[in-house]
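Enquirer:
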Amino acid sequence: MGTVITIDVFPPAAGADDAGADDAWTADLQRRLARARSVLEYADEVFSTWRTDSPVSRLRRGEITAAAAPADMAEVISACTAARQLSDGWFDPWAMPGGFDPTGYVKGWAAQRALAAFDGLAMSGALVNAAGDIASVGAQPSGAPFRIGIADPDNPRRLAEIVQLTGCIATSGTYERGSHLIDPRSGQPAARVASASVIGPDLGLADALATAVAVAGEAGLALVEPLAGYEAFVIGSGGRRLWTSQFPFAPATTGN
Amino acid sequence: MKRAPIVIAGTVAGLFAVLEFHTSPAKLAIPGGAALPATAGGTGITGGTGTASGTGTASQPAASPSQSSPSSAGAGSAVRTATGPRVNYSFGVLSVRITVSGGKVTRVGLAYLNDDSDPRSQSIDQQSIPILEQEALQAQSASIQGVSGASYTSAGFTQSLQSALHSLGM
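Chain order of the listed sequences is A and B.
Take this note's numbering: the final residue in the first sequence is number 262, and no numbers are missing along the way.
Take this note's numbering: the final residue in the second sequence is number 975, and no numbers are missing along the way.
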C-alpha cells in the first residue's frame, strides 16, 4: 500500500513563555519524530496485510491465534469489536475478503499513537496526517483552531467544506480504495455515499465510523448522532450534503 | 521561518511508508527529490496490478521501462537510484524516481510530470509545483492546515514507485 504520513508541528507562538524554536527544541523535536516514526513502523510490521509474514497476515491465514500475536493485536481486536457494535455492523473487519482486516481502524489508531510522541513538547499544536486521516492536538500559533479542508469527491482539486478541527477527522469515500468498502451485509463492494467524514477524539474509531457511514449511506448519520464527541458529514452521490447536528463547519470568513 | 529537514523512513511496501515533516505551516514547494506527501490508495500493488480505483484514467502506462543506475557515495555505502515507468494519474502523466541507500529509501521524487491542466507544470523542475491533490488543495486555501479525503493520485504514483522499487530489488 504505502501510506505516506505528514507531520506538522507548530512552534509556540512568539512571546509565549516556552522557549522558541531553537537548537535544543529542534533536537527534542527530532527525537520525538524518530519515536513517531518507530511507532508507525511498528504498526506496519504488525498490521500490514501487504507483508506476508506480519502477525495480522499470519492470523488471517490461521497460522497463529490472536493470543500468540503481539499484545497490540488484542487491543486492536477489542477496539474493532467495539466499533463494529457502535456502527451496528456497518464496520466489520471480520467480513473482509481474506479474513479479519483491521486496516480501516489501524491507520487512524497508529497515526494517533504517533501524535502522542509529541506530548510534552513546547508547541502550540501538532497534526499527523495519514493519507487524509488526521489526528491533532492544540491549535494554530494564533490560538485559532486548526482548519481542515474536506476534499470534493467530484472534483479532486476542490474543497467541499472546511471544518474547525479539535481532535481527529477521518474521511472515507468511493473515490479512494473503493474495493475496501465492503458491505458486510452482502459481502460485496459498496459505497452509498461519495464521501463520509467523521470527527471525534479517537482517530481509530473515527476511521472505522467513516468507513461504516460510507457504506451505510445517509442512514449512517443516525449511528453517529448519539455518540458523544463524534460528528459526521456525508456527500451523497448526487452532491447532496447531510450532517449531524453539531458538525463543526468553519465560519464562512476567510483566514484565521 | 524554521524549516525542518525532510525525513524519510523505512520501505514503501508496507502500510506506512514515507514521513514528511514540517515545523512551519506546510510549504507548497516540494524541494527537489524530497519526499512527496503522496497518499496511496491503490490496491494490488505487491502483485503489480496497480488498479486505477475509479479515477477515470485507466489507460496503460507508457512503455518506458524502469531504469536503475547504481552509484556510490562515500564510506562504502551503496546509493542507488531508479526511475519508474511513466504512468497516467489523475491529472496527467508522471514517473517516480527513488534513491535507496543502505537498503532504505532515502529520496522519493519525480523524474517526469506532465499535467495538462496547469501549463506551468510542463517542466521537470518540480520545485514549485503542487503536484498532488492535497498540496493542490492547500495551495488554493492558504488558511487551512490539512485536507481530509481524496487520494486520487495514488494508483498512478504507486505504480511507478513500485516499479522503481522492484527494479532495485526491494
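In this text, a Cβ means the ideal position worked out from N, Cα and C, and glycines have one as well.
Alpha carbon to alpha carbon, how far is A:P207 from A:C174?
Expert: Taking the first sequence and counting its residues from 1, the one referred to as residue 207 of chain A is at position 201. Taking the first sequence and counting its residues from 1, the one referred to as residue 174 of chain A is at position 168. If you take the alpha carbons of A:P207 and A:C174, they lie about 6 Å apart.
Enquirer: With distance defined between alpha-carbon atoms, name the residue in A:A141, A:A150, A:G155 and A:S243 nearest to A:L211.
Expert: What you label residue 211 of chain A is simply residue 205 of the first sequence in a count that begins at 1. It is A:A141.
Enquirer: In the DSSP assignment, find the unbroken alpha helix (DSSP H) run with A:E237 in it and report its ends.
Expert: As a working mapping, residue 237 of chain A is identified with position 231 in the first sequence. Looking at the DSSP string, A:E237 is not in any alpha helix (DSSP H); the run it does join, the beta strand (DSSP E), is E237 to G242.
Enquirer: Taking C-beta pairs closer than 7 Å, name the residues in chain B that A:A88 reaches, listed in chain order.
Expert: Taking the first sequence and counting its residues from 1, one reaches residue 88 of chain A at position 82. Here the premise fails: no neighbours, minimum Cβ distance about 21 Å.
Enquirer: Please classify A:S203 as buried or exposed, where buried requires at least 16 neighbouring CB atoms within 10 angstroms.
Expert: Taking the first sequence and counting its residues from 1, one reaches residue 203 of chain A at position 197. Per the 10 Å Cβ criterion, buried.
Enquirer: If the cut is a Cβ gap below 7 Å, which residues of chain B does A:L133 touch?
Expert: Within the first sequence, numbered from 1, the residue matching residue 133 of chain A stands at position 127. Simply Q950 and G951.
Enquirer: Closer than 7 Å, CB to CB, is A:G138 near chain B or not?
Expert: Position 132 of the first sequence, counted from the start, is the residue given in the question as residue 138 of chain A. For A:G138, the answer is yes, since a Cβ of chain B falls inside 7 Å of its Cβ.
Enquirer: On the DSSP bridge list, what partners appear for A:I156?
Expert: For the purposes of this step, residue 156 of chain A is taken as the residue at position 150 of the first sequence. DSSP output for A:I156 lists A:E167 and B:S953 as bridge partner(s).
Enquirer: Check whether the stretch 32-44 of chain A touches the stretch 120-128 of chain A, counting contact only when three or more Cβ pairs, one atom from each stretch, lie closer than 8 Å.
Expert: yes
Enquirer: Rounding to the nearest angstrom, what Cα-Cα distance links A:G223 and A:V112 in this structure?
Expert: Within the first sequence, numbered from 1, the residue matching residue 223 of chain A stands at position 217. Within the first sequence, numbered from 1, the residue matching residue 112 of chain A stands at position 106. Their backbone Cα atoms lie some 22 Å apart in a straight line.
Enquirer: Starting from B:G974, find everything on chain A with Cβ-Cβ shorter than 9 Å and list it in chain order.
Expert: Here the question's residue 974 of chain B lines up with position 169 in the second sequence. Per Cβ cutoff of 9 Å: no residues; B:G974 is ~17 Å from chain A at best.
Enquirer: Are the stretch 146-155 of chain A and the stretch 226-246 of chain A in contact at 8 Å, needing three or more beta carbon pairs?
Expert: no
Enquirer: Keeping to the same chain, check which residues put their C-beta closer than 7 Å to that of A:M102; ignore five residues upstream and five downstream.
Expert: Residue 102 of chain A sits at position 96 when you count from the first residue of the first sequence. If we look at A:M102 and ignore the five residues flanking it on each side, its Cβ neighbours are I188.
Enquirer: To test your reading of the DSSP string, which unbroken alpha helix (DSSP H) runs of 4 or more residues are found completely within the stretch 29-112 of chain A?
Expert: 29-53, 61-66 and 77-92
Enquirer: Assuming A:T217 and A:S243 are in contact, meaning their beta carbons sit under 8 Å apart, how far apart are those beta carbons, in whole angstroms?
Expert: Translated into positions along the first sequence, residue 217 of chain A becomes position 211. Translated into positions along the first sequence, residue 243 of chain A becomes position 237. That pair is no contact at about 17 Å.
Enquirer: Three Cβ pairs or more, each shorter than 8 Å: is that satisfied between the stretch 48-60 of chain A and the stretch 73-81 of chain A?
Expert: Pairwise C-beta distances place the stretch 48-60 of chain A in contact with the stretch 73-81 of chain A, as three or more of them are shorter than 8 Å.
Enquirer: Using the rule of at least 16 other Cβ atoms within 10 Å of the residue's Cβ for burial, across every protein chain shown, is A:R247 buried or exposed?
Expert: As a first step, residue 247 of chain A is located in the first sequence; it is residue number 241 there, counting from the start. It is exposed - the Cβ of A:R247 has fewer than 16 other Cβ atoms within 10 Å.
Enquirer: Excluding the 5 residues flanking B:L973 on each side, which residues of the same chain have their C-beta closer than 6 Å to its C-beta?
Expert: Here residue 973 of chain B corresponds to residue number 168 of the second sequence, with the count starting at 1. Closer than 6 Å at Cβ, skipping near neighbours: S873, R885, A887 and V905.
Enquirer: Per DSSP, what are the beta-bridge partners of B:L800 in this structure?
Expert: There is no way to answer for residue 800 of chain B, as the model of chain B reaches only from 806 to 975.
Enquirer: Counting only Cβ pairs nearer than 9 Å, list the residues of chain B close to A:F152.
Expert: On the first sequence, position 146 is the one that residue 152 of chain A refers to. Within 9 Å Cβ-Cβ: I949, Q950 and G951.
Enquirer: Do you know whose CA, among A:A128, A:T172, A:D34 and A:T109, lies nearest A:V82's CA?
Expert: Here residue 82 of chain A corresponds to residue number 76 of the first sequence, with the count starting at 1. Minimum Cα distance to A:V82 is reached at A:T109.
Enquirer: For A:I156, which option in A:A72, A:P18, A:P195 and A:F239 has the closest C-alpha, if you only look at C-alpha atoms?
Expert: Your numbering for residue 156 of chain A matches position 150 in the first sequence. Of the candidates A:A72, A:P18, A:P195 and A:F239, the one whose C-alpha sits nearest the C-alpha of A:I156 is A:F239.
Enquirer: Please classify A:Q91 as buried or exposed, where buried requires at least 16 neighbouring CB atoms within 10 angstroms.
Expert: As a working note, residue 91 of chain A is residue 85 in the first sequence. With fewer than 16 Cβ atoms within 10 Å of its Cβ, A:Q91 is classed as exposed.
Enquirer: Who are the Cβ neighbours of B:G852 in its own chain at under 8 Å, not counting the five residues just before and after it?
Expert: Here residue 852 of chain B corresponds to residue number 47 of the second sequence, with the count starting at 1. Residue placement at B:G852 cannot be trusted, given a pLDDT of 18 that sits under 50; the coordinates are not used to answer.
Enquirer: Please state if the CB of A:V15 and the CB of A:A132 are separated by a distance shorter than 7 Å.
Expert: By one-based count along the first sequence, residue 132 of chain A stands at place 126. By one-based count along the first sequence, residue 15 of chain A stands at place 9. Cβ distance < 7 Å, so A:A132 and A:V15 count as in contact.
Enquirer: Within its chain, find whatever has a CB closer than 6 Å to the CB of A:W100; leave out the 5 residues flanking it on each side and keep chain order.
Expert: If you number the first sequence from 1, residue 100 of chain A lands on position 94. Excluding sequence neighbours, A:W100 sits near F106.
Enquirer: Restricting to Cα atoms, I'd like to know which of A:R67, A:T87, A:T32 and A:G226 is closest to A:F124.
Expert: Taking the first sequence and counting its residues from 1, one reaches residue 124 of chain A at position 118. Here the closest residue by C-alpha is A:T32.
Enquirer: Note down, in chain order, each residue of its chain lying with its Cβ closer than 6 Å to the Cβ of A:A116, except the 5 sequence neighbours on either side.
Expert: Within the first sequence, numbered from 1, the residue matching residue 116 of chain A stands at position 110. Cβ within range, chain order: L46 and A49.
Enquirer: Going by the DSSP bridge assignment, what does A:L248 pair with across the sheet?
Expert: Numbered from its first residue, the first sequence carries residue 248 of chain A at position 242. Answer by DSSP bridge pairing, in chain order: A:V240.
Enquirer: Any idea which residues DSSP pairs A:A141 with across the strands?
Expert: Sequence index remark: in the first sequence, residue 141 of chain A carries index 135 (1-based). In the DSSP output, where bridge partners are listed per residue, A:A141 has A:V134 and A:C174.
Enquirer: Report the rounded CA-to-CA distance for A:F152 versus A:R198, giving the unit in angstroms.
Expert: Residue mapping note: residue 152 of chain A aligns to position 146 of the first sequence, counting from 1. Residue mapping note: residue 198 of chain A aligns to position 192 of the first sequence, counting from 1. Distance between the alpha carbons of A:F152 and A:R198: 29 Å.
Enquirer: Opposite A:P195 in the DSSP bridges: which residues?
Expert: Numbered from 1 along the first sequence, position 189 holds the residue referred to as residue 195 of chain A. Per DSSP, A:I188.
Enquirer: So, does the CB of A:A218 fall closer than 7 Å to a CB anywhere in chain B?
Expert: The residue labelled residue 218 of chain A in the question sits at position 212 within the first sequence. Output row for A:A218: interface = no.
Enquirer: Could one say the Cβ of B:G889 lies closer than 7 Å to chain A's Cβ atoms, at least one of them?
Expert: Stepping through the second sequence from its first residue, residue 889 of chain B is reached at position 84. Not an interface residue.
Enquirer: Just reading off the alpha helix (DSSP H) that A:D213 is part of, what are its end residues?
Expert: Looking up residue 213 of chain A in the first sequence gives position 207. First-last of the alpha helix (DSSP H) with A:D213: L209 to A222.
Enquirer: Of all the options B:S968, B:V952 and B:L970, which has the alpha carbon lying nearest to the alpha carbon of A:E167?
Expert: By 1-based counting over the first sequence, the position of residue 167 of chain A is 161. Per the Cα distances, B:V952.
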